[in-house]
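K.L.:
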Amino acid sequence: METMQHNHSHTDTCFECAEACERCVTACLEMGDSDSKGHDMTACIKLCRDCADICTLCGRLDARGSEFSRDFMVLCAEVCDACAEECEKHAGHHAHCKACAEACRKCAEECRSMSANA
1 METMQHNHSH TDTCFECAEA CERCVTACLE MGDSDSKGHD MTACIKLCRD CADICTLCGR
61 LDARGSEFSR DFMVLCAEVC DACAEECEKH AGHHAHCKAC AEACRKCAEE CRSMSANA
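Residue numbers are given in the UniProt record's numbering: position 66 of the sequence shown equals residue 66, and the series is strictly consecutive.
1) Hey, could you find the ends of the alpha helix (DSSP H) residue 46 is sitting in?
2) So which of 88, 54 and 90 has the shortest CA-CA distance to residue 73?
3) Using three-state DSSP, classify residue 4 as helix, strand or coil.
4) Residue range of the alpha helix (DSSP H) that residue 106 falls in?
5) Once DSSP output is grouped into helix, strand and coil, what is the label at residue 72?
6) Rounded to whole angstroms, what is the Cα-Cα separation between residue 22 and residue 50?
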């Protein structure tokens with residue numbers, strides 16, 4: 001059984017993305033209908049929750065050098081891309097969505113790079 005070499009930078013990026021997603025969910029839930037600018041934030045909330053979970057797991061697997069890290073990095077990049085795409089729809093009027101989209105794009109890029117080199 002072969003394990004991957006741990007990359008501290010990648011792990012941090014995953015955890016930072018998870019944090020940005022959690023902050024986005026909280027902000028979306030707290031702002032209510034009057035501040036949502038007429039947008040339904042349900043898809044944003046759902047994707048952010050999924051993204052936070054996969055990023056946390058991906059970071060944890062990488063930190064322990066799991067043999068499954070590469071597979072999760074591929075999935076993490078896919079989920080991060082979907083989350084970023086949704087948050088970008090709201091980034092012009094919600095700073096939390098903009099920050100989340102940026103963190104997701106960074107995480108997706110790093111996961112793709114790491115999984116390709118594994």
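Even glycine gets a Cβ: it sits at the ideal position worked out from N, Cα and C. No experiment lies behind these values; they were computed from the predicted model shown.
P.N.:
A quick look at the data gives this:
1) DSSP places residue 46 in the uninterrupted alpha helix (DSSP H) bounded by 42 to 63.
2) Measuring from the Cα of residue 73, the nearest candidate turns out to be 54.
3) For residue 4, the pLDDT reaches just 47, beneath the cut-off of 50, and the residue's location in the model is therefore unreliable, although a value from the coordinates is still provided. In this structure, DSSP gives residue 4 a state outside helix and strand, which the three-state scheme calls coil.
4) Segment 95 to 116, the alpha helix (DSSP H) holding residue 106.
5) If DSSP states are grouped into helix, strand and coil, residue 72 belongs with the helices.
6) Spanning the two alpha carbons is a distance of roughly 10 Å.
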